[in-house]
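Numbering (full-length UniProt numbering), first residue to last: 1 to 250.
Ideal placement from N, C-alpha and C gives every residue a C-beta, glycine not left out.
From a predicted model like this one, the values you see are computed outputs, not experimental measurements.
Right, one structure below, let's go through it.
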Ligand SMILES: Nc1ncnc2c1ncn2[C@@H]1O[C@H](COP(=O)(O)OP(=O)(O)OP(=O)(O)O)[C@@H](O)[C@H]1O
Ligand SMILES: [Mg+2]
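Below you can see the structure in the form of structure tokens.
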């Protein structure tokens, strides 16, 4: 399954408790995880199970109370904020459910920004942006502002932005969370296409159809991994039964 000798991502004993206004929330309570290169892993689970917290820990957006994380075999949990910012530009692409884009930058500038921040030349950044936006069906939207786009278009721009530096790992938290079923299918098709080209993806989703595009589905419950099941190999669409993941229809 994921016993690759050098997983892209590895976590051992991860734990995180949130201390907010209410009672402490034990969001992540001892998680071990390995994601092999090229794997597409979906994490599903009920609201409040700790899925987003886990993704934030893995992407360095929040700090674990306990446990270790390795990216490409290198320990990341000791990274400073500045180091994490660099890693997120180069080695980890992140797509969130909302607020992915800088609202007062054009679509083109939103996608080019992470490349420019990573030290890519303006010419190369533009070329990368043009290629991705074309691939994602967004030609002609370069000069639009995010507020002028539909939800699905904004999510595709967010995907372009997360992928522009060709990160070895894509972390996506409900990337179709605000979309209707057509938008969800669109995002799923794009994720599958990048996966088929070798992109490693860790996807958090409530949506069984999105999860069914993955190689492997992790059920997260009450801060822990309750189930971790490999799906059948082979091209989508495919049938599922045992893990409760729906058959994928187009
Ligand atoms: N910043 C925070 N401060 C306090 N509690 C938090 C914070 N973030 C999350 N929590 C709590 O931690 C638990 C896990 O939250 P998390 O957002 O990780 O769940 P989730 O599985 O992503 O849920 P959803 O499917 O609704 O997005 C919840 O009980 C939540 O209320
Ligand atoms: Mg969440």
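- For residue 172, the uninterrupted beta strand (DSSP E) segment begins and ends at 169 to 173.
- For residue 70, DSSP records a beta bridge to 10 and 75.
- Per DSSP, residue 187 lies in no beta strand (DSSP E); the unbroken alpha helix (DSSP H) holding it starts and ends at 181 to 196.
- For the pair residue 107 and residue 172, the CB atoms are not nearer than the 7 angstroms cut-off.
- Taking 8 angstroms as the upper bound for CB-CB distance, residue 55 and residue 64 are not in contact here, some 12 angstroms apart.
- Taking C-beta atoms as the reference points, residue 42 and residue 200 fail to come closer than 7 angstroms.
- In the three-state scheme derived from DSSP, where H, G and I count as helix and E and B as strand, residue 109 is classed as helix.
- For residue 133, the enclosing alpha helix (DSSP H) starts and ends at 122 to 135.
- In the three-state DSSP reduction, residue 93 falls in the strand class (E or B).
- Considering only 127, 93, 213 and 10, the residue with the shortest C-alpha distance to residue 109 is 127.
- Within the chosen limit of 6 angstroms, ligand 2 does not reach the beta carbon of residue 141 with any heavy atom.
- Counting the other Cβ atoms within 10 Å of the Cβ of residue 215 gives 16 or more, which makes it buried.
- Set against 6 angstroms, the gap from the CB of residue 178 to the closest heavy atom of ligand 2 is not smaller.
- For residue 33, the enclosing beta strand (DSSP E) begins and ends at 25 to 35.
- For residue 161, the uninterrupted alpha helix (DSSP H) segment begins and ends at 151 to 163.
- Our two residues, residue 53 and residue 32, have alpha carbons roughly 14 angstroms apart in a direct line.
- With contact defined as three or more Cβ pairs closer than 8 angstroms, the segment 172 to 183 and the segment 79 to 97 are in contact.
- Non-local C-beta neighbours of residue 100 in its own chain, meaning closer than 6 angstroms and more than five positions away in sequence, comprise 158, ordered along the chain.
- Under the three-state reduction of DSSP, residue 53 is assigned to helix.
- Distances from the alpha-carbon of residue 67 to those of 37, 184, 14 and 152 put 14 closest.
- Contact between the segment 217 to 233 and the segment 36 to 50 is present, with at least three C-beta pairs closer than 8 angstroms.
- With a threshold of 16 other beta carbon atoms within 10 Å, residue 192 meets it and is buried.
- Two segments are said to touch when three or more pairs of C-beta atoms, one from each, lie closer than 8 angstroms; by this definition the segment 111 to 129 touches the segment 81 to 95.
- DSSP places residue 224 inside the beta strand (DSSP E), whose first and last residues are 224 to 230.
- Judged by DSSP secondary structure, residue 216 falls within the beta strand (DSSP E) whose first and last residues are 216 to 221.
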